[in-house]
Structures are given as structure tokens and as C-alpha cells.
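First the structure, in the form of C-alpha cells, and then the observations on it.
Protein chains: 2
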Amino acid sequence: MGSSRRVTLADVAERTGLSKTSVSLILNNRPGSRLSADAVLRVQAAAAELGYRPDPAAQSLRLGKTRTIGFLSDEVTVTRFASAMIRGVLDTAEQREHTVLIAETGRDPQKTAPALDAMLARRADGIIVGLMGAKEIDVPAIASGVRVVLLNASSPTGEPSILPDEESAGRAIARQLLDAGHRRITLIGDSHSAATDPRVSVTVGARFAGLDAALAEVGINFLERVPVEPWEPVGGYEAMQKMLNGPEVPTGIICSNDRLAFGAYQALQEAGWRIPNDMSVVSFDDDEIASYLRPGLTTAQIPYEEMGRHAVDLLLGGGEGRHLVPMPIIIRGSVGAPRGTEGFTS
Amino acid sequence: MGSSRRVTLADVAERTGLSKTSVSLILNNRPGSRLSADAVLRVQAAAAELGYRPDPAAQSLRLGKTRTIGFLSDEVTVTRFASAMIRGVLDTAEQREHTVLIAETGRDPQKTAPALDAMLARRADGIIVGLMGAKEIDVPAIASGVRVVLLNASSPTGEPSILPDEESAGRAIARQLLDAGHRRITLIGDSHSAATDPRVSVTVGARFAGLDAALAEVGINFLERVPVEPWEPVGGYEAMQKMLNGPEVPTGIICSNDRLAFGAYQALQEAGWRIPNDMSVVSFDDDEIASYLRPGLTTAQIPYEEMGRHAVDLLLGGGEGRHLVPMPIIIRGSVGAPRGTEGFTS
DNA sequence: TAGGGCTGCTAAATTGATTTAGCAAGAAGA
DNA sequence: TCTTCTTGCTAAATCAATTTAGCAGCCCTA
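Line by line, the protein sequences give chains A and B.
Per our numbering, the first sequence starts with residue -17, numbered consecutively.
Per our numbering, the second sequence starts with residue -17, numbered consecutively.
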């Protein structure tokens, strides 16, 4: 008993009276190697009995493949946000019998190169670069020789990438309000830089474009577009508060993310407004808090887990270009008919 | 140009005109190997110039060490909760030049054994088993031969473990209210099973014991202990609502976690109570939402990142027994003087 | 001037799996 | 009867590192 030495191919060979070659051939069932049915059975039995598992180090050395993929992120691991991205990556990698090395650069882009370097030193077969917020980034040139896939990111050098389909989501979210009869709609969380500079965001532009397109289809524009920076609860709170005291009070608002919506809820509740009776709210992200709010927040989910899965498939399976992953609309209780039109039907 | 072959020890040897042996000796600067100063310099220069990096697969094979640690968790990766735990693990592992393999079992304890097995198959040098909520678990016997450290968990078999110091935190949190003058205090989120059954929680008992001890020091007991199951916002909301309409309304409440406190906030705000003027609230966890609430929630932080760091140090550095990590008290704006005693000083 | 010790370096074994090249024995064909 | 296939199997090379054992040369000494 106790922990004896690892079981090696040689042990299985000895136990069966065959050579290492034969055992290897059988366990990997190479076509063309004509071993007797009897030998096959004996080897399989012995391997199972001894609990033989090939040493991955030895395999890597011989085959030049590590069956390892590197996942490099800015701060995905840390945030409540996108740990789902990791889950997707991990899960799919496991299905494809790969191991995932995880490293983080934090907010500092300077750390990207050394982190990539470390993964290269570990001989990763491929690398996924994932970001918390979809941005355009530069992939350091050291990464030549390995395949790189961008997750929630894009690059001027055109590496294959996975992004959420924000334009469709924008349309769908706007339609939540429009279909309920709203025509006086305000956007909380406008951002010129995010909408136009891919270095700030590659997706927000599409998100806004989708919203605008849906409004245009029914011939309206936003009542107002309130810029907020950054998209945190306190900003949503202040924007909402000001709006309620302003001249143009909408019947529905679209928040650029759930944290802004969270702040807007606080301001509405303090002012005694009821959601969705007095005001409808929709949003983007499907952050954890969206389900805690009362009433629950209707929002367009960023499908982090799905995106993570796709990234692994793209990395290992091959393929180029941008891949858009659909964003599900999570319908909760924050949308109602506009005030004063209780009997409205679309 | 392009990706030429990997640089190996043999390349460095050839470039310097020395043998692989000498190069290896120099790069690992073995004591006792008396290579000339000139040779040392040449080798170092050549290695740097060629960008030589030892192949980890070859090293693992030869040395029998993979410099890899496995991190197996129930659902840490996924939750907003404890991804900080991973960050701590990752960061410390990197400092110690180790790679981390991450795997998840989900809620299903049946998956633990196969997941451990997969890590063993990859020849991890050691394994950390981390849980989202601190519980007692069984470590499958397969894990013999590798060192296992429990993170936010303990086991009947006495593996070394890292846990938060909940008793001290319980005392400190209670004192937040006591020192502000509160004597009518209610607990939201009592749980008999969590307090007494280590399979449900190993820490909640200590947390409650700390609270009780602090109250006892000033000669009081809880006004009421409201059981809630599970500890989610809706439970806190309902408990608070009922309490406000009940006979025994406290001046301060202690919630067993931040999500309960979140629900309690919602009920208080709906009822028109002001925090901290009309009611003080303290809690445990320091979930992300604790900082979003208005006013910010005073809470005892579970130091996930610190715990992750300690786990790696414990795994790699050796040591036995339970290690308690202090829980910082995060003071925000949810505690004030009890209603009607504005001038009170302790 | 042979023996001992030191200095500077290296050949070869080792780690575990895969793979190439090919051996021996029997069957089939000429 | 000899050649040519097939069948069933294996020896040895290979991957890139580390490490053991030890080889020359030179100096010093008795």
C-alpha cells in the first residue's frame, strides 16, 4: 500500500509479456498495426488493472504538443462579471481534453507581453486573449507561431475573434419598450468615446446602432441621451434624479448597463416612483444584481459562457474572422405599459 | 524569419562550443561544478541571445516535478463571490513559479473524485480544494501521494486548511452596533443547521459564537433571531418587512450576509425608513453589492484573495493544521446612533 | 619522475511515450 | 523447392532536459 511508483508503459508491457511498442500501438489503436485480438484484450485488461495513465510530460516531449491552452485576460478572473467566460473556456477545453493555463495582466497592457511570454515558455498550443469589456487591442508580435484567438476583443491585425452580437441585442432591447407602447424613451449612459473609438469599445457602437435603428423603424428618436461616465450605480442614480426633476420625463428608459439601471432604480424608489407602473427600465449585461432588483430587471445578457466555449472551439477547430454570439434577452418585471395608457396594445 | 524551431540546450551548446552538460550546469548554476568564468559568461550571453527557455515537458520528465498545482473548486470560478480566491492562488503560484490547473465540480460532490483524478493524471505536484461556502468535506482517498490543502473548507481527515477567522469577525461586527449605542439588536439569517452541522458550514457557528460573545459582554441577547433560508435577497426583504410590522422592532440589525442585507434595505426603503437614521445595518461577506447600496453597507469581509495566497504558501511551503485568516471590517455608512438617542456617546 | 590532487570539461544514462524500420515464422504462389 | 507475402511483433531512435561518472591535462611533491 501507500503511494508506489507511477505506472508506466513498461509496467503494462511487462505484465502482458509484450513490448512497449505493442502496448503503445494498442492503447492508441493505430490503424495498420496488426496485433492479435488476444494481445489487444490482454493489454487493455492490464492497463485498466494497473491504472495506467500516460505521462503527459513524456507525451508532450515526444509529440511536441502540450494539449494546453493559455487564457490571458485583463481582469476577467477577478470580476463577478465575466468569470462565466472562464467557466465556458474551462469546460470546453476539458471536453476537448485540453488543460487551461490562466494568467492575468490586470489593467496594465504593459504586462501583456511578459504574460504571453510565460505562456509561450510553457509551450501552450494556442492562446485566448480575453477582455472584460470588448475593446480593440494590439497582440504583441511575440505571439507568432502560436494561434491566438480574441475573446470579447478584436485587433487591427485581424486575429480570429469572438464578440457578442450587440446590434441585434440593441434592436431587441429597444423593442421591449416600443412593443409595450413606449414612445418617450431616454438613454442613460451615452458615451461618445465608447461609441466611436474601438480602443474604448468595439461593441458599444453596435449596441447604440441597434437601439437607434429600432427607434427609427417606428419613426422616433431618443427623448434624450444622457452621458454618464463611468457606468457605475452612482452615475445612474444621479442621472435619474436629475431627469425626474427635468422638463422631459420619459415613460421608459434604456440603461447602457445593469449597474446604471441599479442606480436608476434607487433614484426612482427614493422619489416614490413604481417600476414598471410609473417607469419602465431595460438594460444590458445581465449582471447578478439584475435578478436581485425588485422588480427584476429586463436586460440583454452578454453570453460570456457561450463566448468562452466558442473561443475554445475556434482556437482548436480552426477558422478566421469575427464570430458574433447572440445575446439572449432576459425578460423580468421591469417593463410595463407607459403611464396613462394602461389599456394600450401594440 | 517566421517561427523557426524551438531553441534547445543543444543549440546553446553548439553556439558556445561547449557540451550540453556544461551549459546545463551553468544555467542552473550548480555549486561544485567548476566551469571557467569565461565559459559562464559565454553561455549566459548565448542563452540570452538565442532566447533559450528550458522546455518544461523535458524538465518534468527528467525531474519528476511538474511545477503545477491543481485548484479544484465547487463553484468558485463561476461566482462573483470568490473569484478573488482564484486571483490569490494564481498570483502567489506565479510568484513561486508554478502553474495552476483549474477544474470545477459544480455542486455535485460526485464529480470530485474524477476531477481529482484528472489532476493526478496531469501530475500536479499538489492540490488545493476550494469551496465557495466553508464546509466540511471528504477528500477522496485517490489523493494519496499528493499534498492536499483545503481552502475555505475542512475535513475529518485533518488535511491542512485555510479558513476565515469568523469568530473575531463576529465580535467585531457586533461591536459596530454596540459601540454606536445599540442594545435592541435582531439577527436576520439564523440557521440552526449552518450553526451546528459542519457539513453545512464550518464557519457560521464561529460567526454566531462571536456575535453572541460580544452581546454577552454587555449583558444582552438578540432581541430576536430570524431564521431565513436560503440567504438570498428575497429572504432578507420578507424578514425585514415582517419585523417592521411586528411587536419588537430593533434599532439595529445584523444580517448573516450581504444579500440578506440587500433585501432588508429594499424593505426598509419601501417602508420609508432611513438608513442609518432610523435603522442601522451590518453584515458579513463584503459582496460587490455592499458598495453599491446607498448608504454603503458596513460588513465583515471574507478575505478570499488573502486566503488563496495562504493556501498556495501552505501547499508549497509545508505546514499542518487549521490556519485562520483575519476578516477586515469594511466600514461604510450603514451604522448610526439608535433612534431617539442622537446625543449618545459610548 | 611517478603519484596524487586539482581544474575544466564531457560522454552517456535517464526520464516515459511514440514511431520508424524491420525481423522471424508461416502461408501462398511459381 | 524456392521465392514472395502476410502476419504478429519488437529493437532502437527520438524528444530536451539533468546528472552521474569520469577523462585529460597541469601542478606539485616526495
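Where a beta carbon is used, it is the ideal one built from N, C-alpha and C, also for glycine.
Quick check: does the Cβ of residue i come within less than 7 Å of any heavy atom belonging to the ligand SAH?
i, result
"Leu296 of chain A", "The ligand SAH is not part of this structure, which contains no ligands at all."
Quick one: residues in its chain with C-beta nearer than 7 Å to the C-beta of residue i, no 5 flanking neighbours on either side, listed in chain order?
i, result
"Leu250 of chain B", "Met222, Ile257 and Met261"
"Gly115 of chain A", "Ser183"
"Ser(-15) of chain A", "The predicted model places Ser(-15) of chain A with a pLDDT of 44, which falls under 50 and marks its position as unreliable, so this point remains unresolved."
"Ser328 of chain B", "Only weak support is given to the placement of Ser328 of chain B: the predicted model assigns it a pLDDT of 44, under 50, and the question is left unresolved by the model."
"Gly325 of chain A", "Legend: pLDDT at Gly325 of chain A = 45, less than 50; position of this residue unreliable, no value from coordinates given."
"Ala191 of chain A", "Glu149 and Gly152"
"Gly33 of chain B", "Val(-11)"
"Ser6 of chain A", "Leu(-9)"
"Arg(-3) of chain B", "Ala28 and Leu32"
"Leu279 of chain B", "Asp240, Ala243, Val263, Ser265, Ala272, Arg314 and Ser316"
"Ala341 of chain A", "Absent from the structure is residue 341 of chain A, since the part of chain A shown begins at -17 and ends at 328."
"Arg157 of chain A", "Ala196"
"Lys364 of chain A", "This structure leaves residue 364 of chain A out entirely; chain A is present only between -17 and 328."
In the DSSP assignment, what residue or residues form a beta bridge with residue i?
i, result
"Leu132 of chain A", "A:Val111 and A:Ser143"
"Thr74 of chain B", "Per DSSP, none; premise fails for Thr74 of chain B."
"Asp267 of chain B", "B:Gln283"
"Lys117 of chain A", "A:Ala135"
"Gly52 of chain A", "A:Leu83 and A:Ile109"
"Ile311 of chain B", "B:Ala282"
"Val208 of chain A", "A:Ile170"
"His305 of chain B", "B:Ile144"
Our contact map puts residue i next to residue j with C-beta atoms below 8 Å; I'd like the distance itself, whole angstroms only.
i, j, result
"Gly163 of chain A", "Ala272 of chain A", "No, Gly163 of chain A and Ala272 of chain A are not in contact; Cβ-Cβ is about 23 Å, not under 8 Å."
"Gly70 of chain B", "Gly290 of chain B", "2 Å"
"Ile170 of chain B", "Phe204 of chain B", "Between Phe204 of chain B and Ile170 of chain B the Cβ distance is about 10 Å, and since that is not below 8 Å, they are no contact."
"Arg104 of chain B", "Pro38 of chain A", "6 Å"
"Arg241 of chain A", "Ile202 of chain A", "Not a contact, Cβ separation roughly 27 Å."
"Glu118 of chain A", "Pro212 of chain A", "With a Cβ gap of about 19 Å, Glu118 of chain A and Pro212 of chain A do not count as contacting."
"Met101 of chain B", "Ala85 of chain B", "7 Å"
"Gly187 of chain B", "Ala177 of chain B", "5 Å"
"Ile284 of chain A", "Asp268 of chain A", "7 Å"
"Ile97 of chain A", "Leu54 of chain A", "The sequence given here has Ala at residue 97 of chain A, not Ile. Rounded, the Cβ-Cβ distance is 5 Å, consistent with contact."
Who are the near neighbours of residue i in its chain, counting only those whose CB is closer than 8 Å to its CB and skipping five residues on each side?
i, result
"Val216 of chain A", "Gly245"
"Leu159 of chain B", "Ile167, Gly234, Ile236, Ser262, Val264 and Val317"
"Arg189 of chain A", "Glu148, Glu149, Ala151, Gly152, Ser238 and Phe266"
"Pro209 of chain A", "Gly171, Asp172, Ser173 and His174"
"Asp(-7) of chain A", "Leu32 and Tyr34"
Skipping 5 residues on each side, what residues in its chain have a beta carbon closer than 6 Å to that of residue i?
i, result
"Ala293 of chain B", "Ile110, Val131, Leu133 and Ile144"
"Thr81 of chain B", "Thr50"
"Ala282 of chain B", "Ala151, Ile155, Phe266, Met309 and Ile311"
"Lys93 of chain A", "Thr87"
"Leu298 of chain B", "Arg78"
"Arg24 of chain A", "Thr(-2)"
"Met(-17) of chain A", "At Met(-17) of chain A, the pLDDT of 36 sits below 50, so the modelled position is not reliable and the matter cannot be decided from this model."
"Thr74 of chain A", "Arg291 and Val294"
"Tyr247 of chain A", "Leu275"
"Asp56 of chain A", "Thr87, Leu113 and Met114"
* Members of the region 262 to 280 of chain B near chain A, C-beta cut-off 7 Å -> Correct list: Glu270, Ile271, Tyr274 and Arg276.
* Interfacial residues, the region 234 to 252 of chain A to chain B, with Cβ spacing under 9 Å -> Going along the region 234 to 252 of chain A in chain order, one finds Arg241, Phe244, Gly245, Gln248, Gln251 and Glu252 with a Cβ nearer than 9 Å to chain B.
* Asked: What residues from the region 203 to 231 of chain B come within 9 Å of chain A, judged by C-beta to C-beta, listed N to C?
  -> Per Cβ criterion, the list reads Glu214, Pro215, Val216 and Tyr219.
* Asked: Where in the region 152 to 187 of chain A do unbroken runs of the beta strand (DSSP E), each at least 3 residues long, occur, reported from the N-terminal end onward?
  -> Entirely contained in the region 152 to 187 of chain A, the beta strand (DSSP E) runs reaching 3 residues are, in chain order, 167 to 172.
* Asked: Listed from N- to C-terminal order along the chain, which residues in the region 157 to 187 of chain B have their beta-carbon within a distance smaller than 9 Å of any beta-carbon of chain A?
  -> Per Cβ criterion, the list is empty.
* Asked: Where are the beta strand (DSSP E) runs, 3 residues long or more, that stay fully inside the region 214 to 270 of chain A, in chain order?
  -> Taking only runs of at least 3 residues, the beta strand (DSSP E) segments lying wholly in the region 214 to 270 of chain A are 234 to 237 and 262 to 267.
* Length at least 4, wholly inside the region 7 to 47 of chain B: the alpha helix (DSSP H) runs in chain order -> Qualifying alpha helix (DSSP H) stretches, in chain order: 19 to 32 and 38 to 45.
* Selection of the region 80 to 97 of chain A by Cβ proximity to chain B, strictly under 8 Å -> Cβ contacts with chain B: Thr81, Val82, Leu83, Ile84, Ala85 and Glu86.
* Positions along the region 17 to 41 of chain B whose CB lies within less than 9 Å of some CB in chain A -> Interface annotation for the region 17 to 41 of chain B against chain A: Arg35, Pro36, Asp37, Pro38, Ala39, Ala40 and Gln41, criterion Cβ-Cβ distance under 9 Å.
* **Interface positions of the region 95 to 116 of chain A facing chain B (Cβ-Cβ less than 7 Å), listed along the chain** => Of all residues in the region 95 to 116 of chain A, Ala103, Arg104 and Arg105 have a Cβ within less than 7 Å of some Cβ in chain B.
* **the region 44 to 55 of chain B: positions lying closer than 8 Å to chain A by Cβ** => Those would be Thr48, in chain order.
* Using a Cβ-Cβ cut-off of less than 9 Å, list which residues of the region -6 to 5 of chain A approach chain B; keep chain order. => So the list is empty, because no residue satisfies the distance condition.
* To do: Return the residues of the region 288 to 299 of chain A that lie within a Cβ-Cβ distance of less than 8 Å from chain B, sorted by chain order.
  => Answer in chain order: no residues at all.
* **Interface positions of the region 64 to 75 of chain B facing chain A (Cβ-Cβ less than 7 Å), listed along the chain** => Those would be Ser65, Ala66, Ile68, Arg69 and Leu72, in chain order.
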